[in-house]
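Everything in the sequence shown is counted per my numbering, starting at 2 for the first residue and increasing by one.
Notes for the one structure printed next.
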Amino acid sequence: MCGENGSKWKEYSPIVNLEDRISTKRTTVYAPFEFQFSQQAVLPIDINTNTYLAIEWNKISTTEELLEARTIQIAAKEETRLAAEEKLRDSRQKSVQYMDKKMAHRLGKPLKPGDLVLVYNKPLESQWGLLFKNH
Numbered sequence: 002m003c004g005e006n007g008s009k010w011k012e013y014s015p016i017v018n019l020e021d022r023i024s025t026k027r028t029t030v031y032a033p034f035e036f037q038f039s040q041q042a043v044l045p046i047d048i049n050t051n052t053y054l055a056i057e058w059n060k061i062s063t064t065e066e067l068l069e070a071r072t073i074q075i076a077a078k079e080e081t082r083l084a085a086e087e088k089l090r091d092s093r094q095k096s097v098q099y100m101d102k103k104m105a106h107r108l109g110k111p112l113k114p115g116d117l118v119l120v121y122n123k124p125l126e127s128q129w130g131l132l133f134k135n136h
């Protein structure tokens, strides 16, 4: 897509960024655009072909109708946020369960509160290792 040496990336970068923002994510089951604006992104093709995503502006003739349409969109934002929050919590829980299952062979028995564990911190080794090098 970007050529053999990747020289065409500037042409595709805006398109790829837009596609990433409007694509559904596994963790929230919403696209970032939909999560932020409480509706799916309306692309030019949606307007030209009158899909269900496009607001039918020709049917909105008064300020009341416009306010009603916008109020419905904004009110949906809280519902979308709550649903995404629940999906994210479920996804994180599944990730924890997966890692627990994957790493079960490393733990002989589950840790209890108060159990002592050995924590290895590589950055401290380089810092503290020099302090005690000559002693």
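For each residue, glycine too, the CB sits at the ideal point set by N, CA and C.
None of these values were measured; they are calculated from a predicted model.
Note on geometry: alpha-carbon atoms of GLU86 and ARG27 lie some 13 Å from one another. In its chain, beyond the 5 residues on either side, no residue has a beta carbon closer than 6 Å to the beta carbon of ARG82. In the three-state reduction of the DSSP assignment, GLN94 falls in the helix class, which pools H, G and I.
Only residues of its own chain outside the window of five on either side were considered, and among them none has a CB closer than 7 Å to the CB of THR72.
Per DSSP, the continuous alpha helix (DSSP H) segment holding GLU20 begins and ends at 10-23. Residue state for LYS60 is assigned as helix, using DSSP reduced to three classes.
Here the alpha carbons of GLU79 and GLU65 stand approximately 22 Å from one another. Assignment of TYR121 by DSSP, reduced to helix, strand and coil, places it in the coil class. By the neighbour-count definition (other C-beta atoms within 10 Å, threshold 16), TYR31 is a buried residue. According to the DSSP assignment, PRO33 belongs to the alpha helix (DSSP H) that extends over 33-38. Going by C-alpha positions, GLU12 is about 26 Å away from GLN37.
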